[in-house]
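To keep things clear, I will list the structure first and then write my remarks on it.
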Amino acid sequence: EPEVTQTPSHQVTQMGQEVILRCVPISNHLYFYWYRQILGQKVEFLVSFYNNEISEKSEIFDDQFSVERPDGSNFTLKIRSTKLEDSAMYFCASSEDGNTEAFFGQGTRLTVV
Amino acid sequence: GIQVEQSPPDLILQEGANSTLRCNFSDSVNNLQWFHQNPWGQLINLFYIPSGTKQNGRLSATTVATERYSLLYISSSQTTDSGVYFCAVDRTLYGNNRLAFGKGNQVVVIP
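The following block contains the structure:
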């Protein structure tokens with residue numbers, strides 16, 4: 001069964017460093033998303049991406065964040081200068097179109113020290 | 114934005130028991146999904162159910178869109194059912210999913 005895959009599963013980084021989280025969405029899906037879950041809290045929407053551009057972003061998705069689809073399969077989230085409060089589980093998701101079921105990857109646990 | 118309330122927040126079950134989890138939402142929706150977050154943090158898709166009833170093994174779900182709620186039924190619970198169950202909704206008709214999640218139902222199944 002097709003699935004969304006994320007790498008790495010866990011990343012530890014120093015405060016102020018840049019990190020890139022990687023995702024391979026399901027191959028025939030056209031919409032891609034990033035969500036975040038701070039430990040013990042609910043999952044929050046960060047950004048959606050369609051047709052090689054951001055289609056919607058939340059207030060959390062500020063200038064330190066960026067997304068990119070560098071080739072035909074990968075979808076990345078870059079955090080430019082990490083802060084302690086960026087520590088969270090980051091989920092990538094994809095859907096066939098904007099209104100159908102979204103499928104989530106297994107997550108990347110980011111720890112900023 | 115749309116509000117999602119899940120109840121009960123915490124539930125302890127004896128193995129073999131049945132349970133019902135509830136999700137209320139504040140506006141009409143075009144997408145509703147139930148997820149199970151396992152102890153490793155993975156979000157597992159359970160149901161895509163903006164309306165109607167679906168069953169998958171021991172789990173079933175019903176969404177009554179006109180009354181703005183959805184129910185997830187767990188029958189004959191097993192210890193592997195432990196984890197957090199999330200309801201997530203989106204009201205966008207055209208465009209991209211922007212799922213709003215509830216705070217979850219923390220379920221512990223004891224042997």
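For the protein sequence lines, the chains are Y and D, in the order given. Note that this note's numbering has the first sequence beginning at 1, numbered continuously upward. Note that this note's numbering has the second sequence beginning at 114, numbered continuously upward. The beta-carbon is built from N, C-alpha and C at its ideal position, and this holds for glycine as well.
Short Cβ contact (8 Å threshold) for F138 of chain D with V202 of chain D: F138 of chain D is a Cβ neighbour of V202 of chain D, given a cutoff of 8 Å.
Nearest to D86 of chain Y (by Cα), restricted to the options Y:T76, Y:V112, Y:R69 and Y:H10: Answer by Cα proximity: Y:V112.
Range of the contiguous beta strand (DSSP E) that encloses Q116 of chain D: Here Q116 of chain D belongs to no beta strand (DSSP E), and DSSP marks it neither H nor E.
Cβ pair T176 of chain D, G98 of chain Y closer than 8 Å: Not in contact: T176 of chain D and G98 of chain Y (Cβ atoms no closer than 8 Å).
Where E128 of chain D sits in the DSSP three-state scheme: DSSP places E128 of chain D in coil when its eight states are reduced to three.
Three CB pairs or more closer than 8 Å across the segment 117 to 135 of chain D and the segment 43 to 63 of chain Y: Judged by Cβ distances under 8 Å, the segment 117 to 135 of chain D makes no contact with the segment 43 to 63 of chain Y, as fewer than three pairs qualify.
Cβ neighbour criterion (16 or more within 10 Å) applied to L120 of chain Y: Outside the displayed range of chain Y (1 to 113) lies residue 120 of chain Y, so it cannot be described from this structure.
Closer than 8 Å to chain D by CB, N51 of chain Y: Residue-level contact check: N51 of chain Y does not touch chain D, since none of the beta carbons of chain D fall below 8 Å from its beta carbon.
Against chain A: residues of the segment 185 to 206 of chain D by CB proximity under 9 Å: Annotation note: the requested chain A is absent from the structure, which comprises protein chains Y and D.
Assigned secondary structure, T13 of chain Y (DSSP; H/G/I helix, E/B strand, else coil): In the structure shown, T13 of chain Y sits in a strand (DSSP, three-state: E or B).
Cβ contact check for the segment 9 to 20 of chain Y and the segment 69 to 82 of chain Y: 3 or more pairs under 8 Å: Counting C-beta pairs closer than 8 Å gives three or more between the segment 9 to 20 of chain Y and the segment 69 to 82 of chain Y, which meets the contact rule.
Chain D contact residues for A155 of chain Y, given Cβ-Cβ distances below 9 Å: Outside the shown range of chain Y (1 to 113) lies residue 155 of chain Y, about which nothing can therefore be said.
Residue closest to N143 of chain D, alpha-carbon to alpha-carbon, out of D:G215, D:A178 and D:G217: Checking every option, the nearest Cα to that of N143 of chain D belongs to D:A178.
Contact list for K167 of chain D against chain Y, beta-carbon separation under 9 Å: Correct list: empty, because the minimum Cβ distance to chain Y is about 12 Å.
Straight-line gap, F45 of chain Y to A130 of chain D (C-alpha atoms, nearest Å): Each residue's alpha carbon lies about 34 Å from the other.
Delimiting residues of the beta strand (DSSP E) encompassing N169 of chain D: Under the DSSP assignment, N169 of chain D falls in the beta strand (DSSP E) whose first and last residues are G165 to N169.
First and last residue of the uninterrupted beta strand (DSSP E) at D187 of chain D: The sequence given here has Ile at residue 187 of chain D, not Asp. Unbroken beta strand (DSSP E) run through I187 of chain D: Y182 to I187.
Exposure label - V12 of chain Y; buried when at least 16 CB within 10 Å: By the neighbour-count rule (16 or more Cβ atoms within 10 Å), V12 of chain Y is not buried but exposed.
Separation of S195 of chain D from P152 of chain D, as counted between CA atoms: Their Cα atoms are separated by approximately 8 Å.
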